[in-house]
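Participant: Protein chains in written order, with my numbering: chain W, 1 to 501; chain F, 1 to 343. All C-beta atoms in this analysis are idealised placements derived from N, C-alpha and C, irrespective of residue type, glycine included. Okay, handing you the structure first.
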């Protein structure tokens with residue numbers, strides 16, 4: 001008998017990248033398949049192909065052995081494939097039932113006259129879907145009052161009301177607490193018992209044996225292998241995810257370290273950060289390795305005073321701050337380039353020049369009056385020193401490439417002459433050459449005595465660039481190590497496992 | 001000001017690149033429209049090109065123009081203020097009550113009125129930032145209650161008479177006997193031009209002005225860069241309160257009474273001038289220079305329609321359509337520029 005779902009030699013190319021490279025994939029009814037791979041390995045592209053969001057350049061998709069065309073999400077629904085994305089698609093202000101039947105309301109006529117939504121039918125549909133999952137949720141409850149885990153269940157119930165044969169769950173547990181994960185697992189098992197197939201994308205390696213029957217690893221757009229769960233040890237999976245062609249780049253490290261520039265003591269922000277303590281010295285690049293949802297971004301935000309903290313202390317150059325806020329932290333010499341440069345780092349409609357002096361208006365002004373000659377000079381110098389490629393400093397920053405936009409964000413903060421630079425995902429979405437320049441820049445800043453805190457979901461980058469690595473998991477720092485003492489596979493396994501022997 | 005400043009006055013933040021000449025036309029589109037309107041009216045509207053009429057046009061827009069300077073900052077910062085008309089009425093009424101009914105010294109009354117205008121708007125600004133209430137809602141509440149307060153203290157009757165010397169700032173002339181300007185220039189016109197100059201300077205040359213643009217362009221990025229977002233927003237509110245109260249004093253001087261029924265609908269005329277001037281309601285983009293042109297454009301258009309004997313209801317229809325048209329033009333231009341930039 002033909003498998004339920006089969007992909008044959010599916011490829012998808014984007015300019016400059018092969019996102020999927022002749023991928024073969026097959027899935028049986030009642031099977032739970034874990035899909036693993038690093039960022040950029042092709043997991044999301046594969047999911048998009050299955051959900052009909054993108055059409056592959058070549059290859060075939062077969063359902064029950066029959067080739068099908070999936071060029072839209074509605075066609076994917078039609079073929080019984082439903083994808084639950086990481087970002088929820090629920091409308092927070094509507095009830096559970098309204099969300100489950102969104103857009104498919106049954107109509108009736110009030111007093112045989114006025115057209116109206118049939119709320120009873122709607123509740124019945126919702127209840128049926130929730131019962132299939134064996135969960136007890138009030139269909140009339142407003143979604144925004146539910147926990148994230150409950151919302152996820154509503155999302156799955158919504159999917160179930162389409163009665164799909166194949167579920168794709170994209171990192172469903174990344175934002176759940178561990179006790180909530182169990183109920184999700186129960187639901188996944190139940191879906192499989194009903195004879196549905198589940199494709200389960202997760203970063204939490206330790207949960208895979210609990211639910212998956214088989215594991216497929218992707219790397220660089222290729223399917224590296226599929227194996228039964230019994231054979232999938234963490235070491236083997238990590239090795240498959242990384243491959244053997246990766247070479248560690250040993251960058252010139254700072255020779256001497258300066259005094260402690262940034263000290264964090266017992267920082268707690270419930271429920272995201274717990275009792276975090278560490279120090280960063282001048283000349284030192286400290287990397288924070290952690291998966292999505294580990295609290296790495298929240299840590300930087302808390303240090304910079306963007307989010308309130310429950311307890312703990314932060315010291316910059318020996319000055320102790322109890323309640324940080326961005327303005328004082330900046331004055332103390334702290335700088336932070338945010339995770340999402342377009343939403344948080346830049347004013348896209350404003351010029352390169354204005355974006356590069358956003359954080360240092362006090363340095364280019366006197367009694368509130370801007371000194372435009374000083375500003376121009378400063379911006380031009382910075383553009384040259386960190387080699388921003390731009391047709392001029394007056395063009396809108398939104399017209400630059402991603403790498404150059406990132407450099408503008410960094411330049412903006414370097415113009416404040418900081419002593420500590422915190423960088424959140426500075427290489428996200430930029431090309432390899434620009435990445436390399438940013439790594440060199442980071443090392444160069446360290447040599448000039450800056451303390452750098454470097455966050456990246458690319459673990460190779462952390463190993464390459466940093467003098468020291470803090471491993472973060474579930475809001476805690478679980479290890480503090482030198483990159484020379486750890487191999488990439490170990491570090492990756494460490495991040496994905498609950499406990500590391 | 002029209003000619004000499006044009007080069008430097010070009011707004012520094014146009015969203016997309018393009019050829020220099022295309023950019024020049026884009027930035028100067030409104031200037032060209034104002035000039036064309038002027039030429040057309042000179043040719044077809046009787047008595048348009050007289051000294052008296054031109055000064056009338058300028059005086060007619062002066063009171064709105066002064067407030068439009070503050071409104072430009074409000075809108076660039078991504079907010080909106082629909083309360084300015086009521087704030088003008090409140091200022092005028094309070095001035096009448098203090099100076100006439102209660103017999104206060106006029107200067108002291110003026111200072112008090114302006115202080116009350118600033119204070120009310122600062123409180124509104126505080127509520128805006130402290131609880132993150134949309135500016136529209138806060139100022140809508142002010143729009144209703146300030147008008148009510150003005151009627152309350154005056155019983156909705158105009159309060160008269162002010163001492164006659166008070167008429168100078170709203171109705172007087174200075175620079176008499178200059179060539180071509182025998183009667184001189186109306187004082188409010190001079191005040192409006194000075195206000196535009198000051199606000200041009202503030203918006204382009206000060207840390208505060210840069211902060212206003214930054215906050216409107218991307219509040220989160222501004223906050224992360226340590227720009228005091230809340231303080232800046234409150235300051236903008238305070239400035240608008242100041243300008244509305246100040247304009248209310250000038251109008252009181254012009255009509256020589258403290259009245260609660262003046263400036264009805266003024267807020268929308270002011271917002272219209274700012275929007276026609278190319279300032280984006282989405283925030284982050286716009287200029288004082290554009291607002292100046294927008295104010296002139298509306299003034300010329302209204303005056304021309306009156307001179308041409310167009311019925312006043314028709315005038316309203318035309319003014320409404322012009323606003324829509326102005327916004328559509330800037331959207332089309334933006335799309336066009338984006339397409340050019342992509343190619």
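Can you pull out the residues from the region 210-234 of chain F whose beta carbon lies closer than 8 Å to at least one beta carbon of chain W?
Facilitator: 210, 211, 213, 214, 217, 218, 220, 221, 222, 223, 224, 225, 226, 227 and 228
Participant: Closer than 7 Å by C-beta to residue 324 of chain F: which residues in its own chain qualify, once you throw out the five before and the five after it? Chain order, please.
Facilitator: If you number the second chain from 1, residue 324 of chain F lands on position 324. Excluding residues within five positions, none has a Cβ falling inside 7 Å.
Participant: With three or more beta-carbon pairs closer than 8 Å as the criterion, would you say the region 150-163 of chain F touches the region 125-134 of chain F?
Facilitator: no
Participant: Just grab the DSSP bridge partners of residue 82 of chain W for me.
Facilitator: On the first chain, residue 82 of chain W is found 82 positions in, with the first residue counted as 1. Looking at the DSSP assignment, residue 82 of chain W forms a beta bridge with W/167.
Participant: Chain F partners of residue 358 of chain W, CB-CB under 8 Å?
Facilitator: Here residue 358 of chain W refers to the residue found at position 358 of the first chain. What residue 358 of chain W touches in chain F: 214, 221, 222, 225 and 227.
Participant: Compare the beta carbon distance of residue 187 of chain F and residue 55 of chain F with 8 Å and say whether it is the shorter of the two.
Facilitator: As a first step, residue 187 of chain F is located in the second chain; it is residue number 187 there, counting from the start. As a first step, residue 55 of chain F is located in the second chain; it is residue number 55 there, counting from the start. Not in contact: residue 187 of chain F and residue 55 of chain F (Cβ atoms no closer than 8 Å).
Participant: Check whether chain W comes within 8 Å of residue 70 of chain F, counting only Cβ atoms and requiring the distance to be less than that.
Facilitator: Here the question's residue 70 of chain F lines up with position 70 in the second chain. No, no contact with chain W.
Participant: Between which residues of its own chain and residue 294 of chain W is the CB-CB distance below 6 Å, once the five residues before and five after are set aside?
Facilitator: Counted from its first residue, the first chain places residue 294 of chain W at position 294. The answer, listed in chain order, is 472 and 473.
Participant: So, is the C-beta of residue 136 of chain F closer than 8 Å to a C-beta in chain W?
Facilitator: For the purposes of this step, residue 136 of chain F is taken as the residue at position 136 of the second chain. Taking Cβ atoms only, chain W never reaches closer than 8 Å to residue 136 of chain F, which makes this a no.
Participant: To test your reading of the DSSP string, which unbroken beta strand (DSSP E) runs of 3 or more residues are found completely within the region 257-282 of chain W?
Facilitator: 260-269 and 273-281
Participant: Residues in the same chain with beta-carbon distance under 6 Å from residue 13 of chain W, minus the five sequence neighbours each way, listed in chain order, please.
Facilitator: Sequence index remark: in the first chain, residue 13 of chain W carries index 13 (1-based). Excluding residues within five positions, the ones whose Cβ falls inside 6 Å are 57.
Participant: Just reading off the beta strand (DSSP E) that residue 201 of chain F is part of, what are its end residues?
Facilitator: For the purposes of this step, residue 201 of chain F is taken as the residue at position 201 of the second chain. Where residue 201 of chain F is concerned, there is no enclosing beta strand (DSSP E), although the alpha helix (DSSP H) it sits in stretches over 187-205.
Participant: Can you list the beta strand (DSSP E) stretches of 3 or more residues lying completely in the region 328-359 of chain W, in chain order?
Facilitator: 334-337
Participant: Report the residues of the region 191-210 of chain F with a CB closer than 7 Å to any CB of chain W, ordered along the chain.
Facilitator: 205, 206, 207, 208 and 210
Participant: Would you decide whether residue 3 of chain F is buried or exposed? Buried here means 16 or more other CB atoms lie within 10 Å of its CB.
Facilitator: For the purposes of this step, residue 3 of chain F is taken as the residue at position 3 of the second chain. Reliability fails at residue 3 of chain F, whose pLDDT of 36 lies under 50, so the model's placement of it is uncertain and no value is given.
Participant: Just curious, the alpha helix (DSSP H) that residue 119 of chain W is in, first and last residue?
Facilitator: Reading the first chain from its first residue, position 119 is the one you call residue 119 of chain W. Note, residue 119 of chain W: alpha helix (DSSP H), 119-132.
Participant: Could you run through the region 277-290 of chain F and flag, in chain order, every residue whose CB is less than 8 Å away from some CB of chain W?
Facilitator: 284 and 285
Participant: With DSSP collapsed to three states, give me the class of residue 287 of chain W.
Facilitator: Walking along the first chain from the start, residue 287 of chain W turns up at place 287. Strand at residue 287 of chain W.
Participant: Specify the secondary structure class of residue 173 of chain F as computed by DSSP and reduced to three states.
Facilitator: Here residue 173 of chain F corresponds to residue number 173 of the second chain, with the count starting at 1. Note: residue 173 of chain F maps to strand in three-state DSSP.
Participant: DSSP beta-bridge partners for residue 26 of chain W?
Facilitator: As a position in the first chain, residue 26 of chain W is number 26, starting the count at 1. According to DSSP, which records beta bridges pairwise, residue 26 of chain W is partnered with W/6.
Participant: Within the same chain, show all residues whose beta-carbon is closer than 6 Å to that of residue 160 of chain W, passing over the 5 residues directly before and after it, in chain order.
Facilitator: By one-based count along the first chain, residue 160 of chain W stands at place 160. Same-chain partners within the cutoff: 129 and 132.
Participant: According to DSSP, simplified to helix, strand and coil, what is residue 451 of chain W?
Facilitator: In the first chain, the residue the question calls residue 451 of chain W occupies position 451. Note: residue 451 of chain W maps to strand in three-state DSSP.
Participant: How many angstroms separate the CA atom of residue 204 of chain F from the CA atom of residue 355 of chain W?
Facilitator: Position 204 of the second chain holds residue 204 of chain F. Position 355 of the first chain holds residue 355 of chain W. Computed Cα separation, rounded: 15 Å.
Participant: Between the region 244-263 of chain F and the region 308-322 of chain F, do at least 3 Cβ pairs fall closer than 8 Å?
Facilitator: no
Participant: May I have the straight-line CA-CA distance separating residue 264 of chain F from residue 39 of chain W, to the nearest angstrom?
Facilitator: Within the second chain, the letter at position 264 stands for residue 264 of chain F. Within the first chain, the letter at position 39 stands for residue 39 of chain W. The alpha-carbon atoms of residue 264 of chain F and residue 39 of chain W are separated by roughly 59 Å.
Participant: Work out the CA separation of residue 119 of chain F and residue 410 of chain W for me, nearest whole Å.
Facilitator: As a working note, residue 410 of chain W is residue 410 in the first chain. As a working note, residue 119 of chain F is residue 119 in the second chain. Computed Cα separation, rounded: 40 Å.
Participant: Report the residues of the region 336-356 of chain W with a CB closer than 8 Å to any CB of chain F, ordered along the chain.
Facilitator: 336, 338, 343, 344, 345, 346, 347, 348, 349, 350, 351 and 354
Participant: So the beta strand (DSSP E) residue 67 of chain W belongs to, where does it begin and stop?
Facilitator: Indexing the first chain from 1 puts residue 67 of chain W at position 67. Counting along the chain, the beta strand (DSSP E) containing residue 67 of chain W begins and ends at 66-68.
Participant: Can you confirm whether residue 297 of chain W, when its beta carbon is compared against all beta carbons of chain F, has any partner nearer than 8 Å?
Facilitator: Along the first chain, read from residue 1 onward, the residue named residue 297 of chain W stands at position 297. So, not an interface residue.
Participant: Among the candidates W/21, W/47, W/4 and W/34, whose CA atom is the shortest distance from the CA of residue 28 of chain W?
Facilitator: For the purposes of this step, residue 28 of chain W is identified with residue 28 of the first chain, where counting begins at 1. Per the Cα distances, W/4.
Participant: Show which residues of chain B have a CB atom less than 7 Å away from the CB atom of residue 327 of chain W.
Facilitator: Absent here is chain B; the protein component of the structure consists of chains W and F.
Participant: How big is the Cα-Cα spacing for residue 102 of chain W and residue 137 of chain F?
Facilitator: Residue 102 of chain W sits at position 102 when you count from the first residue of the first chain. Residue 137 of chain F sits at position 137 when you count from the first residue of the second chain. Taking the straight line joining both Cα atoms gives about 31 Å.
Participant: What number of angstroms, rounded off, separates the C-alpha of residue 83 of chain W from the C-alpha of residue 173 of chain W?
Facilitator: On the first chain, position 83 is the one that residue 83 of chain W refers to. On the first chain, position 173 is the one that residue 173 of chain W refers to. Taken atom to atom, the span from the alpha-carbon of residue 83 of chain W to that of residue 173 of chain W is near 15 Å.
Participant: Whose CA, out of F/30, F/62, F/166 and F/236, lies closest to the CA of residue 347 of chain F?
Facilitator: The question about residue 347 of chain F has no answer, for chain F in this structure spans 1 to 343.
Participant: Can you have a look at residue 297 of chain F and say buried or exposed, based on whether 16 or more other CB atoms are within 10 angstroms of its CB?
Facilitator: Against the second chain, residue 297 of chain F aligns to sequence position 297. Residue 297 of chain F is buried by the Cβ-count criterion.
Participant: Three or more C-beta pairs under 8 Å: does that hold for the region 140-150 of chain W against the region 85-97 of chain W?
Facilitator: Segments in contact, yes.
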